[in-house]
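A.B. asks: The structure follows.
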Amino acid sequence: MPVPNRGGSIAIQCEFKRIQQLRELGVSTPNVLAVSEKGILLQDIGIQHQSQIQQLDQALARRKEHAEKAFA
1 MPVPNRGGSI AIQCEFKRIQ QLRELGVSTP NVLAVSEKGI LLQDIGIQHQ
51 SQIQQLDQAL ARRKEHAEKA FA
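Residue numbers (the working numbering): 1 to 72.
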């Protein structure tokens, strides 16, 4: 179900509160660098997860190589 968007500073404050609530629930959220009535400045969440993604890619590549050698 879509979330109503009231626009303006009300919508910005609503979004900021949602980010805080999600973080409190343990959901990975971008860091809020600044907030004002005109906007929210967020850190790129990709930066937070880049090393984890690279580790996963490397682990999957090793697993694939191992499986291919086992059936060669």
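Beta carbons: idealized from backbone N, C-alpha and C, even for Gly.
Does any residue of chain C have a CB that is nearer than 8 Å to the CB of residue 15?
C.D. replies: This model lacks chain C altogether, as it is built from one protein chain only.
A.B. asks: Please report the straight-line C-alpha distance between residue 11 and residue 61, rounded to a whole angstrom.
C.D. replies: Going from the Cα of residue 11 to the Cα of residue 61 covers about 43 Å.
A.B. asks: Here's a check: name, in chain order, each residue in its chain whose Cβ is nearer than 7 Å to the Cβ of residue 37, leaving out the five neighbours to either side.
C.D. replies: Closer than 7 Å at the Cβ level, and outside the excluded window around residue 37, lie 9, 12.
A.B. asks: Which two residues bound the contiguous alpha helix (DSSP H) that contains residue 9?
C.D. replies: Where residue 9 is concerned, the enclosing alpha helix (DSSP H) stretches over 8–24.
A.B. asks: Is it true that the CB of residue 40 sits closer than 8 Å to the CB of residue 15?
C.D. replies: Taking 8 Å as the Cβ cut-off, residue 15 and residue 40 qualify as a contacting pair.
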